[in-house]
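Chains as they are written, first to last, in the numbering used here: chain H, 1 to 283; chain G, 284 to 418. Yeah, the Cβ is synthetic: ideal placement off N, Cα and C, and Gly gets one too.
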């Protein structure tokens, strides 16, 4: 019995040592309290020390987000004061494509309807959608000086849209030479879905393009390299998120409790203007 | 009785040859005065670089050092800090002296790869200490 007791003690001390890494010091004893007490960043950090993400993002999507990061933050990671936008969160989702795009990466118009499935589970209830775009990457064979006008059809298949809602046809023109990416705004379509905490969106997209100088040539081979990504520009109203405009008027802090966020979160700009007016009035 | 004795012992002994420079010494700033220190870490040290894409270097900074007795103007401390100092010195040394802590922060932008493979750019409040205070 002496031996087994000694064994038990060594096992117990080994267990303590394995727990001694810093994040376990941050975590309360009860596992269940974890989400309540830790800000989301630490919750993510403590949940995932050393764990690699299950799915690796598309390299072009990662390249795009790195460029976005360099636009918004310094090398030390401090948000640049020059940025004027209200969003403090940008999420890029790659689609689960239901149909394989045309072979050889060259998709000739009119494009086949490509079914795209986006899973938006990572969007939290405190994140409110300000803008969303479909991001197309053009492969480098697209470099031509012609201006191209594209009309594209976007149909949301799930969740089913209210009847009678015609899919938007948005004439869209851009000069291929300048674009490595094409951003197509889908905010009006996704706003109600994200607001109603829809987290799985199935849509079909196709667009046909003609060259402005030679419309008689008919449709134009659209040099798309991969199916589009979906980018959501969000305003995270949780207390841990940074609110650049409110730091100018430090009188107002985002609501800490979910129940109040509906008032505080939506008229974000009006709130800021109001605070501005009252601050100026007080001055 | 003990407390009275210990307090009596703390009173400065004003002897005839009282040394003024000694007296003023207590108002000088401490050698290791409360101030901001750097601590540069990279997420690869924490083995988080496989999902935190940016920034590569993160300097959260920290505050360390002794708080001088006359803290008012230099640290933006409230009057309460001096009251706490007086309590510690004259009434009850078990009350802690004011501590050197961060008084102002700046946010941090983080680019992460989420478990589902999506990519998130987020700005977090209060992630870098930019000024120290005595409280």
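query                                                                                                                                       : result
Chain H residues whose Cβ lies nearer than 7 Å to that of residue 389 (chain G)                                                             : 78
Under 8 Å (Cβ pairs) to chain G, residues found in the region 84 to 96 of chain H                                                           : 88, 89, 90, 91, 92, 93, 94
Chain H within 9 Å of residue 371 (chain G), Cβ atoms only                                                                                  : no
Cβ-Cβ distance between residue 92 (chain H) and residue 199 (chain H) below 9 Å                                                             : no
Limits of the unbroken beta strand (DSSP E) element including residue 205 (chain H)                                                         : 200 to 211
Sufficient close CB pairs (3 or more, under 8 Å) joining the region 117 to 137 of chain H to the region 177 to 192 of chain H               : yes
According to DSSP, residues forming a beta bridge with residue 392 (chain G)                                                                : G:406
Residues of the region 55 to 70 of chain H whose Cβ lies closer than 7 Å to any Cβ of chain G, in chain order                               : 55, 56, 57, 61, 62, 65, 66, 68, 69
Proximity of residue 384 (chain G) and residue 416 (chain G) at Cβ, strictly below 9 Å                                                      : yes
8 Å contact criterion, which residue 241 (chain H) and residue 88 (chain H) should meet: CB distance rounded                                : 5 Å
Chain-order list of residues whose beta-carbon lies under 7 Å from that of residue 396 (chain G) (same chain, five-residue window excluded) : 334, 336, 402
Boundaries of the alpha helix (DSSP H) in which residue 195 (chain H) is found, first to last residue                                       : 187 to 195
Test item: CB-CB of residue 350 (chain G) and residue 377 (chain G) under 9 Å                                                               : no
Environment of residue 321 (chain G) [buried if 16+ CB atoms lie within 10 Å]                                                               : exposed
Span of the alpha helix (DSSP H), counted from its first residue to its last, around residue 363 (chain G)                                  : 362 to 369
Rounded Cβ spacing between residue 206 (chain H) and residue 130 (chain H) (contact assumed at less than 8 Å)                               : Wrong, their Cβ atoms sit about 27 Å apart, outside the cutoff.
According to DSSP, residues forming a beta bridge with residue 387 (chain G)                                                                : G:414
Residue 194 (chain H) burial status per 10 Å Cβ neighbour count (16 or more: buried)                                                        : buried
Opening and closing residue of the alpha helix (DSSP H) in which residue 91 (chain H) lies                                                  : No alpha helix (DSSP H) holds residue 91 (chain H); the beta strand (DSSP E) holding it covers 89 to 93.
Residue 118 (chain H), buried or exposed, once every other Cβ within 10 Å from all chains shown has been counted against 16                 : buried
Helix, strand or coil at residue 69 (chain H) according to DSSP, with G and I counted as helix                                              : helix
Bridge partner(s) assigned by DSSP for residue 79 (chain H)                                                                                 : H:73
Range of the contiguous beta strand (DSSP E) that encloses residue 347 (chain G)                                                            : 345 to 347
For residue 97 (chain H) and residue 408 (chain G), the rounded distance between their alpha carbons                                        : 36 Å
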